[in-house]
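Everything on this sheet refers to the single structure shown next.
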Amino acid sequence: MTQPRLRPPPAIQGICRTLEAAGFEAWCVGGAVRDAFLGIATLDWDIATAARPEDVQRLFRRTVPVGVRFGTVGVLDRDGVLHEVTTFRHDVETDGRHAVVRFGASLEEDLARRDFTINAIAVHAERLEVRDPFGGRADLAARLVRCVGDPRERMREDRLRALRAIRFAGRFGFAIDPATWEAIRESAPHLGRLSMERVKQELEKVMEQVASPSGTLERYREGGIFATLVPALATAPATRFRAIDHLARPGLTGRPHRRALRLAALFVEPGQVPPRDLERTLKALKYSNVEARAAVALAGAAGALSWPLDPALGEGMLRRVVARVGRLDLPSLARILWAHVAAATDGPVPDSARRAGRALYRRALRIAWRDPLTIGDLAVDGDDLRRVGVPAGRAVGETLARLLEAVLDDPARNTREALLALASVEPGSLGPR
Ligand code: ATP
Ligand code: MG
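Count the sequence shown with the numbering used here and you get residues -16 to 416, in order.
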């Protein structure tokens, strides 16, 4: 915890100087101060000030009304980077979801409405004077997430804090203070009041910010949070959460496919057919259509496998798995399956298993880019079938599906002649499937 790390960047110092020159107290607050004490570099410095939003808008040339009603004005620096400046405020009314805030508070009152002691430290941008009325530095040193004030009351005011506490603990490898933990557990049955958008955002932040999220996910479970918000995860095997530790973190700079993979993996259980309402569960959790579709496909393909996977998996079976997940998502499926192998292994995965896994993946890749796997890949189409007498309507689709099964068993059958011959054979007499 060295002092120089506390020094905010020049743009922040400049904004604070302008505010103070106009007679308004200004302090750096929130996550950046916490991170600075932890020695973590951060870009997002938030400023709290006695100035009202209209004062801030008057004092700076370029501003953005980020959330004026709540006291937040964005100030653009010379490089066009936005910095949030928020008026000191205190909550006058809370309902577990929203707060009515009033301006005209002191710095101490503003810090008192913040959620955790580690998030309630203020630093003066130039004097580097620290205001830490709730012992945030001591809790940083003790590696502890603790509510500011009475935990039960604070959790009642805003139910999201239960999720935030668990996220911060996971992100920094901190413990949760026992009274705060008790309050989280008491909060759990009331979390249904939260908007699912905010819940999804929290989950995404966990996937981005926490290197190994399994501990965090287990805490959600122990705290009763999944039971209320995502019952499907309350009973997930521990290996499924541990598998996510083995999937690369998207980081804060994007990598949406990595984030999607971690989010999908929450619902993928190899060897176990996914619940029929999985898509509904994901939609309720505000997964996007793309995320939900990918997760359902991955869960279906992984679920159809016999697990643990036999490296000598037959070609027909392998082709069906690849067909099910799709060529483009095959690498994602492989990553998730491998993560499950790693999660189920005590220590490093033995070389022999690594080699077997790689060989299997190579076979799957070859199949993916060489063999016919979809109805679109068949050497005949619906028109061809109607021409040889298959009645228009459902029969066409059913026949194509039957032909695809035959081709998945043996890709050599994918010729016009062979398929038309097969098409005229009664279903059921196709031979072994
Ligand atoms: P991150 O690095 O995830 O952004 P952060 O601490 O900056 O962490 P923000 O959500 O950006 O978190 O919030 C900024 C600050 O606002 C917090 O540090 C905290 O002081 C306060 N805060 C945010 N959300 C709440 C809340 N739900 N209840 C009370 N205070 C909050
Ligand atoms: Mg922040």
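Just so it is clear, CB atoms sit at the ideal spot from N, CA and C, and this is done for glycine as well.
If we call anything under 8 Å between Cβ atoms a contact, is residue i one with residue j?
i, j, result
"residue 34", "residue 65", "no"
"residue 252", "residue 285", "yes"
"residue 332", "residue 342", "no"
"residue 13", "residue 29", "yes"
"residue 358", "residue 301", "no"
"residue 108", "residue 9", "yes"
"residue 68", "residue -2", "yes"
"residue 137", "residue 93", "no"
Which residues bound the beta strand (DSSP E) around residue i?
i, result
"residue 73", "72 to 77"
"residue 425", "No statement about residue 425 is possible, as the shown extent of the chain runs from -16 to 416 and does not include it."
"residue 31", "29 to 32"
Label residue i either buried or exposed according to how many other C-beta atoms from any shown protein chain fall within 10 Å of its C-beta, with 16 as the threshold for buried.
i, result
"residue 23", "exposed"
"residue -5", "buried"
"residue 211", "buried"
"residue 196", "buried"
"residue 274", "buried"
"residue 185", "buried"
"residue 395", "exposed"
"residue 243", "buried"
"residue 233", "buried"
"residue 321", "buried"
"residue 119", "buried"
Sorry if obvious, but does the Cβ on residue i come closer than 7 Å to a heavy atom of the ligand ATP?
i, result
"residue 141", "yes"
"residue 272", "no"
"residue 115", "no"
"residue 17", "yes"
"residue 396", "no"
"residue 183", "no"
"residue 103", "yes"
"residue 96", "yes"
"residue 302", "no"
"residue 461", "One cannot answer for residue 461 here, as it falls past the ends of the chain, which runs -16 to 416."
"residue 129", "no"
"residue 188", "yes"
"residue 232", "no"
"residue 144", "yes"
"residue 135", "no"
"residue 238", "no"
"residue 35", "no"
Could you check if residue i belongs to the surroundings of the ligand MG, using beta carbon to heavy atom distance under 7 Å?
i, result
"residue 14", "yes"
"residue 27", "yes"
Pull up the CB-CB distance for residue i and residue j, whole angstroms please, since I reckon it's below 8 Å.
i, j, result
"residue 190", "residue 143", "About 17 Å separates the two Cβ atoms, so there is no contact after all."
"residue 72", "residue 85", "6 Å"
"residue 47", "residue 57", "4 Å"
"residue 123", "residue 20", "5 Å"
"residue 27", "residue 77", "The Cβ separation is near 25 Å, so there is no contact."
"residue 305", "residue 347", "6 Å"
"residue 90", "residue 103", "Residue 90 to residue 103, Cβ: 10 Å. No contact."
"residue 166", "residue 135", "5 Å"
"residue 283", "residue 257", "6 Å"
"residue 311", "residue 367", "Their Cβ separation, rounded to whole angstroms, is 27 Å, which puts residue 311 and residue 367 out of contact at 8 Å."
"residue 126", "residue 156", "7 Å"
"residue 75", "residue 100", "Contact doesn't hold; Cβ gap of about 22 Å is too wide."
"residue 149", "residue 199", "6 Å"
What first and last residue would you give for the alpha helix (DSSP H) that runs through residue i?
i, result
"residue 285", "272 to 287"
"residue 264", "261 to 267"
"residue -1", "-7 to 4"
"residue 367", "365 to 370"
"residue 59", "Careful: residue 59 lies outside any alpha helix (DSSP H), inside the beta strand (DSSP E) at 55 to 59."
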